[in-house]
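With this note's numbering, the residue at position 89 of the sequence shown is 89, and numbering never jumps. Where is the CB? At the ideal position from N, CA and C, for every residue including glycine. All figures in this text were calculated on a predicted structure; none of them were measured in a lab.
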Amino acid sequence: MNKRPKYDIYERCVAVWAIENFDFIDITVTANAKIRGYISGRSRQVDILLENRVSNNPEARIIVEAKLHGRPVDIEIVEATEAKLRDVNATHAVIVSSGGFTKSAISRSNEFIKLTLLEYDHILSKYSGAFNKCLADRNCDLDLLWSVDKTDGVGSGWLMYKYGKCIRCHTFHVLCRDCGCEFAIPDGHTVMCECEDREWGAIPESEASGHTGTPESTWLMLKIGNEFYGLQRKPIGKVTSQI
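Listed below in structure tokens is the structure:
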């Protein structure tokens with residue numbers, strides 16, 4: 001990781017910090033997310049996106065912006081973050097800075113924008129080894145970021161797994177704790193793990209998948225028998241093929 005630009009390393013470490021602090025049962029975390037602005041109509045980049053994992057609820061959407069600055073973050077960054085917050089229809093934002101914040105930035109922040117100081121050396125020593133190799137695209141490297149362990153009720157039993165998202169190609173990954181299989185799921189495809197009765201899919205919202213309205217998410221789905229379970233989601237991307 002140390003061969004990367006320092007700002008890129010910092011953003012990656014902040015993404016791991018966000019998972020450690022926000023990856024709760026009903027929250028899904030996406031690093032380097034791309035969202036179409038509701039006001040601007042153009043694609044907006046968000047360093048870390050926190051959303052409700054099973055519903056497109058704007059009240060649960062939080063954006064996290066990572067700023068590796070030699071000087072304290074000033075008021076302009078706070079105002080730009082507030083504008084992005086409104087454009088992507090989020091309710092809260094967190095600005096993480098390596099160099100602190102000016103008095104005017106602190107004064108300009110409000111109940112919707114939280115300011116957090118995370119020094120570069122501290123966050124590097126704690127989180128720099130958290131990324132794994134992406135299994136989906138040979139052009140990706142150590143770009144895969146795993147979630148914390150998940151336990152979901154499935155039918156009459158429990159499902160134990162971890163999901164991952166590559167921060168470069170954004171492909172879903174799964175680690176099934178029951179059979180130990182670790183695999184990538186390209187958008188629009190399904191994969192069977194060694195449990196044999198489980199079919200995992202990365203299914204974009206579309207009329208074919210039963211979605212009505214504007215497609216916004218790609219879902220990590222699980223099929224057991226004739227039952228379907230929506231486990232996680234991410235902002236929808238380009239899909240080359242669809243099951």
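Terminal residues of the continuous alpha helix (DSSP H) containing residue i?
i, result
"H92", "Where H92 is concerned, there is no enclosing alpha helix (DSSP H), although the beta strand (DSSP E) it sits in stretches over H92 to S97."
"E11", "K6 to F22"
Candidates the options: which alpha carbon is nearest residue i's?
i, options, result
"E82", "L115, G180 and H69", "L115"
"L145", "E119, C195, C193 and L175", "L175"
"L85", "Y229, G100, L49 and R12", "L49"
"E111", "N21, I62 and Y163", "I62"
"T214", "P235, K162, W17 and K223", "P235"
"A15", "K3, N32, R4 and P5", "N32"
"D8", "E51, R42, T171 and E65", "E65"
"G100", "K223, L220 and R71", "R71"
"H69", "D23, S98 and E51", "S98"
"E51", "Y120, G225 and F24", "F24"
"Y120", "A80, K67, T30 and C166", "K67"
Between residue i and residue j, what straight-line distance do the alpha-carbon atoms span, to the nearest angstrom?
i, j, result
"E205", "R168", "21 angstroms"
"I75", "K103", "9 angstroms"
"T218", "R233", "6 angstroms"
"H245", "W200", "No statement about residue 245 is possible, as the shown extent of the chain runs from 1 to 243 and does not include it."
"I243", "D149", "Low confidence applies here, because I243 scores a pLDDT of 34, under 50, leaving its location unreliable; read the following figure in that light. Going from the Cα of I243 to the Cα of D149 covers about 28 angstroms."
"S40", "H92", "19 angstroms"
"Q45", "N89", "13 angstroms"
"S113", "C179", "Looking at the sequence itself, residue 113 is Ile, so the reference to Ser does not match. Computed Cα separation, rounded: 42 angstroms."
"V73", "A60", "26 angstroms"
"I95", "K34", "18 angstroms"
"D187", "L117", "36 angstroms"
"I185", "N132", "16 angstroms"
"T240", "E227", "For T240, the predicted structure reports a pLDDT of 40, less than 50, and the residue's modelled location is therefore unreliable. The matter cannot be settled from this model."
"D197", "Y10", "41 angstroms"
"D137", "R108", "42 angstroms"
"I19", "D47", "13 angstroms"
"K6", "V154", "42 angstroms"
"L135", "D141", "9 angstroms"
"E216", "K162", "23 angstroms"
"T30", "K223", "23 angstroms"
"S156", "N139", "41 angstroms"
"R177", "G225", "19 angstroms"
Does at least one heavy atom of the ligand FMN sit under 7 angstroms from the Cβ of residue i?
i, result
"S55", "The ligand FMN is absent from the structure shown, which contains no ligands of any kind."
Apart from the five residues just before and just after residue i, which ones in its own chain have a Cβ nearer than 7 angstroms to its Cβ?
i, result
"R267", "The chain is shown from 1 up to 243; residue 267 falls before or after that span and cannot be answered."
"D87", "G37, Y38, I39, S40 and R44"
"C13", "I123, L124, Y127 and S128"
"C181", "C193 and E194"
"W17", "L118, I123 and Y127"
"G230", "V54, W219 and M221"
"F22", "V29 and L50"
Excluding the 5 residues flanking residue i on each side, which residues of the same chain have their C-beta closer than 6 angstroms to its C-beta?
i, result
"A105", "V73, D74, I75 and V78"
"V191", "F183, I185 and W200"
"A130", "V16"
Contact criterion: CB-CB distance below 8 angstroms. Does residue i meet it with respect to chain D?
i, result
"Y229", "Chain labels in this structure do not include chain D; a single protein chain is all it has."
Provide the residue span of the beta strand (DSSP E) that contains residue i, from first to last.
i, result
"Y163", "G157 to C166"
"N32", "I27 to R36"
"F228", "E227 to P235"
"D152", "K150 to V154"
"L145", "L144 to W146"
Using a Cβ-Cβ cutoff of less than 8 angstroms, which residues in the same chain neighbour residue i once the five nearest sequence positions on both sides are dropped?
i, result
"T151", "W158, L159 and M160"
"G164", "N132, L144, L145, W146, S147, F172, H173, V174 and L175"
"R42", "R36"
Runs of alpha helix (DSSP H) lying entirely within the stretch 40-122, each at least 4 residues, in chain order
75-87 and 103-108
Which runs of the beta strand (DSSP E), 3 residues or longer, sit entirely within the stretch 165-225?
172-176, 182-185, 189-192, 198-204 and 217-224
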